[in-house]
Amino acid sequence: MSEDLTKTVTHSDSEKLTLILTTVQSLTVRVDNIDSRLGRVEQTAHDTQPILQKVVADIGQLREGQTEMRADISKLQEGQTEIRADISKLREGQTESRADILKLHEGQSALSTEVRALRRDIDHQFNNLHMKLVDIEIDHRDVHDRVTRLELNSNPPNTQT
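For the sequence shown, position 63 matches number 132 in our numbering, and the numbering has no gaps at all.
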């Protein structure tokens, strides 16, 4: 319809009027078609409005969920930071404990050496004491034997009776 039909028409007035009426009728049909399609579009838009409202509501819920998730993620990150700090403290404690254990091992080793030396000294002193007791026992037996002999010799049996 970009060209002008009135310039190309060389017909009589009635033909021109018929042509104009035909064109108007054609335009009316086209407008009716467009109106019909627009009605269907409006009906479709009306039919999809609840779906669109639900989508908008769902998007709102998703945004709320994202906000909650961000808060939860923030809490998780804080917890993770605390756990890392606790792990760091535990590692420091382990290092200190290992140093203390090494000191204990050194002390235990030194004590073990001292106990062995003391044991040797005690064993040696018990040995000496035992030897002295044996000597005393021997001396005691000698004294006992001598006293017994003296007693026997000092009371000779009576031969005059």
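Every residue, glycine too, gets a C-beta built ideally from N, C-alpha and C. Just so we're clear, the structure is a prediction, and the values are computed from it rather than from any experiment.
Delimiting residues of the alpha helix (DSSP H) encompassing residue i
{"i": "Ser81", "result": "Run containing Ser81: none; DSSP gives neither H nor E here."}
Heavy atom of the ligand FMN within 7 Å of residue i beta-carbon
{"i": "Ser166", "result": "Questions concerning the ligand FMN fall outside what the structure shown contains, since it holds no ligand whatsoever."}
DSSP three-state assignment for residue i, whether helix, strand or coil
{"i": "Glu220", "result": "helix"}
Starting from the N-terminal side, write out each stretch of the alpha helix (DSSP H) that is 4 residues or longer and does not extend beyond the region 88-173. none
- [ ] Let me know the beta strand (DSSP E) ranges lying completely inside the region 172-197, each 3 residues or longer, listed in chain order.
- [x] none
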